[in-house]
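Asks: Per the numbering used here: the sequence shown ends with 2561, consecutive numbering throughout.
Below are the structure tokens for one structure; questions will follow.
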Amino acid sequence: MAERKEDLGPLAAEKAQGAEPEPGGELAEDQEGVLSQGVSHGSAASRLPIGEIGIVESIQLENFMCHAMLGPVKFGPNVNFVVGQRGKSALLTALILGLGGKSLGSPLKEFVKDGEASANILITLSNRGENAYKPDSYGSSIIVHQCISVNGTVSYKLKDQAGSVVTSKKAELTDILEHFNIRVDNPMTILQQEMGRQLLQARSDGDRYKFFLKVTQLDQMHNDYLCILERKARTQDQIEQGEKQLQELKQQGIEVEQCFQSMAASRKRLEDLKHEMAWAIVNESERQIEDMISNISIGDQDTVRLSQKLEASEAKFNETDKKFKEIQENLEQLNKETTELETESIQARDHVNRKEKAYEKAEELYNSFQDELKQLEKAKERCNQMEELKRSMEQSKLEKQGKIAMLQEQLNNYKDQENALIQEVGYLQEAIEKDTEEHSRLKGDCAEVQQILRDKQQQLNQLKDCKTSPLKVFEPQIPALLEAIDNAHRQGLFSTKPKGPLGAYIHLQDPEFALAVESCLKDLLLAFCCNSYKDEQVLQTLMKRFYPIDCPRPQIIVSAFKNEIYDVTGRAAYHPEFPTVLTALQIDDAVVANALIDMRGIESVLLIKSNSLARTVMQAQKPPKNCSEVFTADGDQVFERRYYSCDKSRPTYLIDVEVEIGHLEKDVEDTDAQLSVFQQRAYSLENDIRKNENTMNSYHLHLKELAIRVIKLNIQISELEKEEPQSIGFLTLEKAREIKRQMEQVKEKMKVQMEEMNNLRKEIVDAEQRHESIKAKIHKVQELSESVRQELNQINLEMDSEKRSVRHYQDRLTHHTNSLQVKKEDLTKKEKELEKEIAQAKYICPERKEIEKTTAALDKEITFLKQKIQSENTRHRSREEIIRQFQQIKERYHSLDVKVKNLRNCIKSLDQTSVQKYEIYQQFRRSLALRCRLYFDNLIAQSALSGEMRFDHTNETLSIRVQRGEGNTAVLGNTELQSGSENSFSNFFFILTLWYITEGPFRCLDAFDSFLDPGSRRIALNIILKIAHSQQFRQFILLTPQSLSFLSQSPLIKILHIPDAERDQRTLPFRAVKEEEED
């Protein structure tokens, strides 16, 4: 209903004012009618009270956009100028949103002031006069209260003039707006700054024409006409589908009828097949019984044959078993004889062994007698030698004692020299060890100082190189890498250019904290930031060019870039004396600061120069709020219960290159001087060690010579002492005779023992001959046993074969007998089944039939028919169901046929309606266009200006041109060649013209004069005031940033000054309004 009212709004207004031109009338008559209508407006204004219903009495804003509190702003009933530099447009935005309009493409939560939970809009509308809306409930004013929460939800409260809530339903607000004829989304009711700017600067005739259609709601009428055409097309599609369905239903009826006939034929054929199947089963059973009788007869013959084979096999087995037992007895006899011979052989071998042992003992005794004889001969010879030695030993004894005394004196002299040299060598050894230890220490110190010197010289060269390229402080590859990143960014490989190294964006406010900050951030100073993982992959590819595979690369942090630093007020560490890492640094880029906050939490790390003071703050008392750790100026890290020292003495990255070069040059000089001192001391120690070693080597040589001399003297003395004659008992003559007597006794024993050995040798030969003969007998018996054993094995194999043959025939005979018995039992059962089958077949079909088909073929055919019948039953179920289905198809066919006929009648009706709608649309369009031109000409004439307005409905364009001067004094040129101010001035008259043909209790216009030159602006204001004076029943709210001091005072004019909004409030990201967007 609301849409129909809006569509007929312009027409109803025209009929009420009696100014609708005839479609076929002349232009002069239309112009005269419209001019008389303008006069009637004036007379109506004189009769109506000023601002009875629907005008805006006041607006109050709370926490809305840039205003914490604004208002209530009270408007006059006629002309209201709202003046201010900032924040005044919020009034029109609040008016649109508060009355249920669209949000200009921005989320509703964006309208809530920063830091607040909700925004409130209070709009007071006039509700006086005879046409007031529910005056008993609301009174003389209606207060619309809208609340917008920070999460974007909206609630409404409609209050009476006293502020009491009447209802919270938005539908009530819609009814109020319909009653007051307020359309907040119509630009002619409220024209905001952005849309006004677009309209005032519009140069396209097509855009003006579209705006004309939208304002007059002709586009809605045109859309209704298009909806009718669309509905007509859908109806035509339904007719085509209905006709198609009619054909399908007709075909379905034919198929159902055919199916009914087919099912009847199939059922009759199925009964015939069942009869045939019954006698086919009987025939098949009779054939099976004949085959079974034949098989049993053959089985009896096979039983006789198998019994004969079994008897023959048993006889052959018994004969072989008898022969096996005879051979086995013979083999046992041979084994017994072999055992007896082996026993004799063992006894003979033992006898041989005993004789051999007796011979060995006799031989050993003979050899002992022989050795004893040799000893006695040697003793006799020594007796002769002893006598001669006795005389020579007494003479040499005296000479040897004198020589030993002289050698002992030389030996003592050498030992004294040796002791003195050993003491000197000990002193030299201690000196050499001490000098060597000191030299080794100095050598290590020299190597360490040389390495330090090389490192510092390398660092010095790098720093000197950094004077021309400061980024080399981080790594030598960084400048080339950054250049590659720039090239890649220019080529469009990065969506957003990466940032890094992060240390390049950091500056210390206090240089003494350089080592502390480096200890805290570490490798993050070399890291890079990427906006996306795609950018990270591109950066990784670039890094591979400058960093080898085994070389560590800078870290890459992936996080969406933000232009504002995080608000860390709630979680940052605080101490009145000491800064955090975040506050101690000056960071050039918000992305870098956010990355360090995310990766290292620099907002919670304090910096304290003194180590002892840092321990006191973190460990001697409760740590400061939100403080996780502390770094000292020496780079030490302090936790609540731990302390870690830094292994670096100076910073590496966060340095002043010039100052660091000076420090390094001084360190290089000091290190070089220290190295020279160490090298000179090492050279002096090397000389001392060399001299002491030479002296000690000469002492060692002397000691070796003395030792050799001492050894030689000791050997000589030992040899002389060994030559000391021992106390030897010299043999007497009686002892020599005793030795001779013993020799004769030994010779006699040897003779007796030799005879015994000869006897034993003969006995051994006899025993060995007997043993060999026994072994030969054993060998002969074993050969005979082996041949018998082979024969026994062969007989055993034959017995196994015969035994298997017997068992085979026994099993076959048993199996055959059992199988034959089962066949006989099956024959008996089959005969009984045949009797039953014959009885059943006679019951099904009394007359026997000769059937040629097999039961399998019949069963297959029956199964096929059953499946066919079942398929038909599944589709159509029973016969009754098929009849019912046929009846339903017939009814559906008739129903659908009626529906198609109705749709054809509907098509005819829609054709007539569309033609009428289009004719009405063209009449309205022609009428409204004519009224626009007449009102435009009237405005031009009253303003002493010249201009023209042209409508081209075929091409849908609207051209307008306004210039100063009247009649021939103004020359109208091409609209495309107008200046910006002239174009805006022309479009301004276009807006005023549209005011005349649209209805509404108030008009709102924002920054209407911002694009006009001073002269045009003054003319525009005068025209607006004239219109307002002639339409005192309508309210005008005009927003402008310009001064209005030149306006004369009037009871109809009210000027409102809006205070400037807060500067720190963000601005809303307004976008172009989409007509189809909803609140």
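Just so it is clear, CB atoms sit at the ideal spot from N, CA and C, and this is done for glycine as well.
Taking contact to mean 3 or more Cβ pairs, one atom from each stretch, closer than 8 Å, check whether the segment 2320-2340 and the segment 1687-1703 are in contact.
Replies: Taking 8 Å as the limit for Cβ pairs, the verdict is that the segment 1687-1703 does not touch the segment 2320-2340.
Asks: Could you tell me whether the segment 2024-2043 touches the segment 1960-1973, where touching means 3 or more Cβ pairs closer than 8 Å?
Replies: These segments touch.
Asks: Taking the C-alpha atoms as reference points, what is the distance between glutamine 1729 and serine 2353?
Replies: The alpha-carbon atoms of glutamine 1729 and serine 2353 are separated by roughly 24 Å.
Asks: To the nearest angstrom, how far is it from the Cα of asparagine 2420 to the Cα of phenylalanine 2467?
Replies: If you take the alpha carbons of asparagine 2420 and phenylalanine 2467, they lie about 16 Å apart.
Asks: If we call anything under 7 Å between Cβ atoms a contact, is cysteine 2002 one with valine 2099?
Replies: It is not a contact, given that the beta carbons lie outside the stated cut-off.
Asks: I need the straight-line Cα distance from glutamate 2151 to glutamine 1932, nearest angstrom please.
Replies: The straight-line gap from Cα to Cα measures roughly 12 Å.
Asks: Can you give the Cα-Cα distance for glutamate 2046 and leucine 2440, rounded to whole angstroms?
Replies: C-alpha separation (whole angstroms): 47 Å.
Asks: Tell me whether the beta-carbon of isoleucine 2246 lies closer than 7 Å to the beta-carbon of glutamate 1838.
Replies: Contact flag set, yes.
Asks: For lysine 2480, count neighbouring C-beta atoms within 10 Å of its own C-beta (all shown protein chains included) and say buried if the count is 16 or more, exposed if not.
Replies: According to the sequence displayed, residue 2480 carries threonine and not lysine. Counting Cβ neighbours within 10 Å, threonine 2480 comes out buried, since at least 16 surround it.
Asks: If you reduce the DSSP assignment to three classes, tell me which class arginine 2219 lands in.
Replies: Residue state, collapsed to three classes: helix.
Asks: What are the residues that DSSP puts in a beta bridge with lysine 1556?
Replies: Its beta-bridge partners are Ser1540.
Asks: What does the Cβ neighbour count give for glutamate 1772, buried or exposed, with the cut at 16 atoms within 10 Å?
Replies: Glutamate 1772 should be labelled exposed.
Asks: So, at 7 Å on beta carbons, what are the nonlocal neighbours of valine 2304 in its own chain, with the 5 sequence-adjacent residues on each side left out?
Replies: So no residue of the chain qualifies.
Asks: Rounded to whole angstroms, what's the CA-CA distance from glutamate 1544 to glutamine 1643? Just pull it up for me.
Replies: For glutamate 1544 and glutamine 1643, the distance between alpha carbons rounds to 20 Å.
Asks: Would you identify the three-state DSSP class for isoleucine 1710, choosing helix, strand or coil?
Replies: The answer is helix: DSSP assigns isoleucine 1710 an H, G or I state.
Asks: Should the segment 1994-2014 be regarded as contacting the segment 2128-2141, the criterion being three or more beta carbon pairs within less than 8 Å?
Replies: Yes, since at least three Cβ pairs between the segment 1994-2014 and the segment 2128-2141 fall closer than 8 Å, the two stretches touch.
Asks: Buried or exposed: which applies to valine 2141, given that a residue is buried once 16 or more other Cβ atoms fall within 10 Å of its Cβ?
Replies: Exposed: under 16 other Cβ atoms inside 10 Å.
Asks: What is the C-beta distance between alanine 2066 and lysine 2091, in whole angstroms, given that I count them as a contact (C-beta under 8 Å)?
Replies: So it is not a contact: roughly 11 Å between Cβ atoms.
Asks: Who are the near neighbours of leucine 1472 in its chain, counting only those whose CB is closer than 7 Å to its CB and skipping five residues on each side?
Replies: There is no way to answer for residue 1472, as the model of the chain reaches only from 1483 to 2561.
Asks: Please check the pair phenylalanine 2471 and isoleucine 2506, which I expect to be a contact at CB under 8 Å, by giving their CB distance rounded to whole angstroms.
Replies: Not really, about 11 Å apart at Cβ, beyond 8 Å.
Asks: Taking leucine 2295 as the reference, give the member of Lys2104, Thr1575, Pro2523 and Thr1785 with the closest Cα.
Replies: Among Lys2104, Thr1575, Pro2523 and Thr1785, the Cα nearest to that of leucine 2295 is on Thr1785.
Asks: If you check the beta carbons only, do valine 1834 and glutamate 2254 fall under 7 Å apart?
Replies: Cβ atoms of valine 1834 and glutamate 2254: not closer than 7 Å.
Asks: If we ignore side chains and look at the alpha-carbon of each, how far apart do leucine 2459 and asparagine 1705 end up?
Replies: Low confidence applies here, because leucine 2459 scores a pLDDT of 47, under 50, leaving its location unreliable; read the following figure in that light. The alpha-carbon atoms of leucine 2459 and asparagine 1705 are separated by roughly 34 Å.
Asks: Helix, strand or coil: which one does DSSP assign to asparagine 2108?
Replies: Here asparagine 2108 sits in coil by DSSP.
Asks: For leucine 2195, which of Arg2330, Lys1885 and Glu2273 has the nearest alpha-carbon?
Replies: Of the candidates Arg2330, Lys1885 and Glu2273, the one whose C-alpha sits nearest the C-alpha of leucine 2195 is Lys1885.
Asks: Beta strand (DSSP E) containing tyrosine 1638: first to last residue?
Replies: Run containing tyrosine 1638: 1636-1641, per the beta strand (DSSP E) assignment.
Asks: What residue range does the alpha helix (DSSP H) around arginine 2499 cover?
Replies: 2496-2512 is the span of the alpha helix (DSSP H), which, as asked, contains arginine 2499.
Asks: Quick one: which unbroken beta strand (DSSP E) runs of 3-plus residues sit fully inside the segment 1763-1817? Chain order, please.
Replies: Those beta strand (DSSP E) runs which fall completely within the segment 1763-1817 and span 3+ residues do not exist here.
Asks: Secondary structure at aspartate 2542, three-state DSSP: helix, strand or coil?
Replies: Looking at aspartate 2542 - three-state DSSP - the assignment turns out to be coil, as it is neither helix nor strand.
Asks: Please state if the CB of glycine 1724 and the CB of valine 2380 are separated by a distance shorter than 7 Å.
Replies: In this structure, glycine 1724 does not lie closer than 7 Å to valine 2380 by Cβ.
Asks: Whole-angstrom Cβ separation of cysteine 2011 and lysine 1981, contact assumed at under 8 Å?
Replies: About 5 Å separates the two Cβ atoms, so the contact holds.
Asks: Would you be able to state if there are at least three C-beta pairs under 8 Å between the segment 2511-2520 and the segment 1548-1560?
Replies: Result yes; three or more Cβ-Cβ pairs closer than 8 Å.
Asks: Using only the alpha-carbon positions, how far apart do glycine 1781 and glutamate 1758 sit?
Replies: If you take the alpha carbons of glycine 1781 and glutamate 1758, they lie about 35 Å apart.
Asks: Using the beta-carbon count (16 or more within 10 Å), is lysine 1860 buried or exposed?
Replies: Answer is exposed; the Cβ neighbour count stays below 16.
Asks: From the DSSP output, read off the bridge partner residues of methionine 1703.
Replies: In the DSSP output, where bridge partners are listed per residue, methionine 1703 has none listed.
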